[in-house]
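Residue numbers (full-length UniProt numbering): 1 to 139.
Below is one structure, written out as structure tokens; comments come after it.
This is the structure we're talking about:
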């Protein structure tokens with residue numbers, strides 16, 4: 001599955017801010033200020049499930065997910081990380097990495113559909129992105 005034919009799903013483009021590219025994945029911030037919420041999207045055309053990646057790519061996905069999750073936890077000082085690859089609404093393979101707090105609006109439930117998305121403050125989200133880029137070696 002070469003990356004040459006790959007493009008980001010239109011719904012993911014609409015719902016995210018692009019942070020940059022790791023060796024396998026595009027890293028994105030979800031446009032919802034309720035939660036520090038990232039997506040990793042492997043740049044592999046036609047990948048829907050993790051098993052659609054070869055074993056080397058699967059290992060790379062885990063490495064990149066761990067790197068991003070560690071950085072997110074350190075930056076946010078969250079109580080818990082939620083990491084999931086669901087794809088029920090958007091079939092393109094993507095991994096959610098969400099920093100959760102016991103005080104957030106959805107706790108302890110999953111974040112999906114609990115609150116309408118809240119727009120980010122431009123300066124705050126840019127500071128968050130800059131910190132994340134430094135921690136995951138993008139900037």
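Each residue gets a CB set at the ideal place from its N, CA and C atoms; glycine is no exception.
Quantities reported herein were computed from a predicted structural model and do not represent experimental measurements.
- [ ] Measure the Cβ-Cβ separation of residue 50 and residue 135 and say whether it is below 8 angstroms.
- [x] On the chain shown, position 50 is the one that residue 50 refers to. On the chain shown, position 135 is the one that residue 135 refers to. Taking 8 angstroms as the Cβ cut-off, residue 50 and residue 135 do not qualify as a contacting pair.
Task: N-terminal and C-terminal residue of the alpha helix (DSSP H) that residue 70 is part of - done: Position 70 of the chain shown holds residue 70. Here the alpha helix (DSSP H) through residue 70 covers 55-76.
Task: Residue from 18, 99, 5 with nearest C-alpha to residue 81 - done: Within the chain shown, numbered from 1, the residue matching residue 81 stands at position 81. Checking every option, the nearest Cα to that of residue 81 belongs to 99.
Task: Per DSSP, the bridge partner or partners of residue 117 - done: Position 117 of the chain shown, counting from 1, holds the residue named residue 117. In DSSP, residue 117 forms no bridge with anything.
- [ ] Quick one: grab the DSSP three-state call for residue 122.
- [x] As a working note, residue 122 is residue 122 in the chain shown. In the structure shown, residue 122 sits in a helix (DSSP, three-state: H, G or I).
TODO: Tell me whether residue 61 is buried or exposed, calling it buried when 16 or more other Cβ atoms sit within 10 Å of its Cβ.
DONE: Looking up residue 61 in the chain shown gives position 61. Buried, because 16 or more other Cβ atoms sit within 10 Å of the Cβ of residue 61.
Open item on the list: Within 10 Å of its beta-carbon, does residue 64 have 16 or more other beta-carbons around it, so buried, or fewer, so exposed?
Closed with: Within the chain shown, residue 64 is the residue found at index 64, counting from 1. Buried: at least 16 other Cβ atoms inside 10 Å.
Task: Which of helix, strand or coil DSSP assigns to residue 15 - done: What you label residue 15 is simply residue 15 of the chain shown in a count that begins at 1. Correct three-state label for residue 15: helix.
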